[in-house]
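Line by line, the protein sequences are chains L and Z. Under the UniProt record's numbering, think of the first position of the first sequence as 1, with each following residue one higher. Under the UniProt record's numbering, think of the first position of the second sequence as 1, with each following residue one higher. From the three backbone atoms N, C-alpha and C, an ideal C-beta is built for every residue, glycine too. Structure, as structure tokens:
There are 2 protein chains.
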Amino acid sequence: MSDLKNDIQRLEASTMTDMVESRLREYLKRKSFVPGDALPKEQELADALGVSRNVVREALSRLRMLGMIESRKKRGMVLTQPDILGSLERVLDPLILGKNTLRDIFELRLVLEMGLADLIYLRKTSEDIAALESIVAQEVNKQQKPFRVEHEIAFHGKLYQMTGNDTYMRFQKMLLPVFEYVLDYEIQVNGQAEVGKVTHHDLVEILRTGDAEDFRRGMKAHLKPHFDRLKA
Amino acid sequence: MSDLKNDIQRLEASTMTDMVESRLREYLKRKSFVPGDALPKEQELADALGVSRNVVREALSRLRMLGMIESRKKRGMVLTQPDILGSLERVLDPLILGKNTLRDIFELRLVLEMGLADLIYLRKTSEDIAALESIVAQEVNKQQKPFRVEHEIAFHGKLYQMTGNDTYMRFQKMLLPVFEYVLDYEIQVNGQAEVGKVTHHDLVEILRTGDAEDFRRGMKAHLKPHFDRLKA
DNA sequence: TTAGTACTTATGTACTACATAATAACAAAT
DNA sequence: ATTTGTTATTATGTAGTACATAAGTACTAA
């Protein structure tokens, strides 16, 4: 058994496209380009870099996917504000991620949940609480499997929305499917876990009468089954 | 002043490359491709999709950047496990992000900090504590501006490392520059804030003698100046 | 079994060509 | 004079051809 592969790192012949991509990125930074600025023409970039327009376009295609540039015919290309989570979304597929990454994401979701307390107490309104109560009111009807997840999404989704942090909310929404995937897998292997002592209803009650620290404690208790899984 | 732009949404003629990218992604999902599987040849894909190899390559270039595929001459292309944070890293540049996103990221970093407690207490070792102490011991020499940030990175970086969650650690490492950027800006506008009542030294002390909840409270106090900024 | 050689092939890169959309400049019309 | 229509221009989007190169395969020789 040769462990040579571990001792010596395989060298990847990076392609022109890779180099052009990083050169372009470095160029934009060095020249302090900001959203709205126009980029040179493709052919000019190709000439300047000494490569074919083809390679330049493959590199630009990547930046375009990231939302860093937009380009229209004749008008040319302009820098844009990228959607920081868009690229993440493309890649968060539980079926193609490794076990370690899946576990990392599972934990990361728990971190996000525990962080809700501090932000929610900065901005919660009485309308928010009312909305939460109406969600919880429908909970009794939805204990069965297909509806449970749907209800989880509604309740926790509302909590994230209350933080007023759009990135935070979208981020959790993207992690959730991976979280549920890991959970399903865990349940298959280690069996169904008990339910947290603190229910959604309890959490809403805390939001009305308690402070941020109470809510954090409540959330921790609510998530206890999940944290217990991590100990194993 | 015409607000027509707000009333009617501009329609984007999506390019062939965009469509091919999503078709490919959908194809990989539908066929349940997993890392290691070989993809059809570029020309075959082009023929099947009825587009030029050029367009296919621009789409593949994107997947290649995301780390979803690798390709070598003659061997063809294989699906790989993507690096979920690699794409995020390319885009997290404070200079090209909008104000809202910057604020969101600032808050998100605080959420990550507050989440440290729960994971650290699952896995901390006495060696970790010792390492932290040695970092804190050097703190007294590094109160000046260029060194303060460096020290912050060392201390908090170690905390993340103690969670054993690589994604978590890398994620925070990527958010940190944006966080510092927002902080610098905030300080210029609203003036220097007071320092948190709980120091790094105190946090280490809590790690030795307290529980997760103590640590969370300590961290909240440590970060209090930052949370206070959010209230304004 | 190893090493060397020739052959094959899919990707990487370059180049040409042209359709198309968007812009600009100008002319016509109300 | 502002609007509408026409024409010319041009940068991007797409197609297609060609070829170098790396990597795999098969075969041969030592």
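Cβ-based neighbour list, residue i, same chain, cut-off 6 Å, excluding 5 preceding and 5 following
i, result
"glutamine 172 of chain Z", "Leu112, Tyr160"
"leucine 39 of chain Z", "Met77"
Chain-order list of residues whose beta-carbon lies under 7 Å from that of residue i (same chain, five-residue window excluded)
i, result
"arginine 208 of chain Z", "Ile129"
"methionine 1 of chain Z", "Any reading at methionine 1 of chain Z must be qualified, since the residue scores a pLDDT of 42, below 50, and its modelled position is unreliable; the value itself is stated next. Answer for methionine 1 of chain Z: no residue qualifies."
"methionine 162 of chain L", "Ile120, Arg123, Lys124, Asp128"
"glycine 67 of chain L", "Thr80, Pro82, Asp83, Gly86"
"methionine 114 of chain L", "Arg216, Met219, Lys220"
"aspartate 37 of chain Z", "Val78, Leu79"
"proline 35 of chain Z", "Leu79, Thr80, Gln81"
Reduced DSSP category for residue i - H, G, I as helix; E, B as strand; rest coil
i, result
"serine 2 of chain Z", "A caution first: serine 2 of chain Z carries a pLDDT of 40, below 50, which makes its placement in the model unreliable, though a value can still be read off. Here serine 2 of chain Z sits in coil by DSSP."
"methionine 219 of chain Z", "helix"
"isoleucine 135 of chain Z", "helix"
"valine 195 of chain L", "coil"
"alanine 48 of chain L", "helix"
"serine 71 of chain L", "strand"
"glycine 98 of chain L", "coil"
"residue 235 of chain L", "Residue 235 of chain L lies beyond the range of chain L shown here (1 to 232); nothing can be said about it."
"leucine 79 of chain Z", "strand"
"leucine 39 of chain Z", "strand"
"glutamate 205 of chain Z", "helix"
"asparagine 165 of chain Z", "coil"
"isoleucine 120 of chain L", "helix"
"threonine 17 of chain L", "helix"
"valine 34 of chain Z", "coil"
"alanine 212 of chain L", "helix"
"isoleucine 84 of chain L", "coil"
"aspartate 93 of chain Z", "coil"
"leucine 66 of chain L", "coil"
"alanine 59 of chain L", "helix"
"alanine 130 of chain Z", "helix"
Residue i burial status per 10 Å Cβ neighbour count (16 or more: buried)
i, result
"isoleucine 105 of chain L", "buried"
"glutamate 21 of chain L", "buried"
"lysine 220 of chain Z", "buried"
"leucine 28 of chain L", "buried"
"valine 55 of chain L", "buried"
"glycine 76 of chain Z", "exposed"
"glycine 218 of chain L", "buried"
"phenylalanine 227 of chain Z", "buried"
"aspartate 211 of chain Z", "exposed"
"valine 182 of chain Z", "buried"
"arginine 30 of chain Z", "exposed"
"arginine 148 of chain Z", "exposed"
"aspartate 47 of chain Z", "exposed"
"arginine 72 of chain Z", "exposed"
Beta-carbon contacts of residue i that lie in its chain and below 8 Å, excluding the five residues immediately before and after
i, result
"lysine 158 of chain L", "Asp128, Ala131, Leu132, Ile135"
"leucine 92 of chain Z", "Ile105, Met174, Leu175, Pro177, Val178"
"lysine 5 of chain L", "Caution applies to lysine 5 of chain L, whose pLDDT of 49 falls short of 50 and renders its modelled position unreliable; the value that the coordinates give is listed next. So the list is empty, once near-sequence residues are dropped."
"alanine 232 of chain Z", "Asn190"
Whole-angstrom distance between residue j and residue i, CA atom to CA atom
i, j, result
"aspartate 166 of chain Z", "isoleucine 206 of chain L", "33 Å"
"glycine 98 of chain Z", "alanine 193 of chain L", "42 Å"
"arginine 64 of chain L", "glutamate 70 of chain L", "6 Å"
"glutamate 42 of chain Z", "arginine 53 of chain Z", "6 Å"
"arginine 109 of chain L", "glutamine 188 of chain L", "20 Å"
"glutamine 138 of chain L", "aspartate 214 of chain Z", "36 Å"
"proline 225 of chain Z", "glutamate 152 of chain Z", "15 Å"
"isoleucine 96 of chain L", "glutamate 89 of chain L", "13 Å"
"leucine 223 of chain L", "glycine 196 of chain L", "6 Å"
"residue 235 of chain Z", "glycine 164 of chain Z", "Since the first residue of chain Z shown is 1 and the last is 232, residue 235 of chain Z is not available in this structure."
"leucine 24 of chain L", "glutamate 107 of chain Z", "30 Å"
"leucine 230 of chain Z", "proline 94 of chain Z", "18 Å"
"tyrosine 185 of chain Z", "asparagine 100 of chain Z", "14 Å"
"leucine 102 of chain Z", "glutamate 44 of chain Z", "43 Å"
"tyrosine 168 of chain L", "phenylalanine 155 of chain Z", "25 Å"
"threonine 32 of chain Z", "glutamate 150 of chain Z", "What sits at residue 32 of chain Z in the sequence shown is serine, not threonine. Cα to Cα, serine 32 of chain Z sits roughly 45 Å from glutamate 150 of chain Z."
"glutamate 26 of chain L", "lysine 74 of chain L", "25 Å"
"glutamate 180 of chain Z", "methionine 19 of chain Z", "38 Å"
"threonine 15 of chain L", "threonine 17 of chain Z", "20 Å"
"leucine 116 of chain L", "arginine 170 of chain Z", "21 Å"
"glycine 50 of chain L", "aspartate 118 of chain L", "53 Å"
Checklist entry - With contact counted as at least three CB pairs below 8 Å, one residue from each stretch, are the segment 46-59 of chain L and the segment 115-129 of chain Z in contact? => result no
Checklist entry - How about the segment 73-90 of chain L and the segment 191-201 of chain L: do they share at least three Cβ pairs that are nearer than 8 Å? => result no
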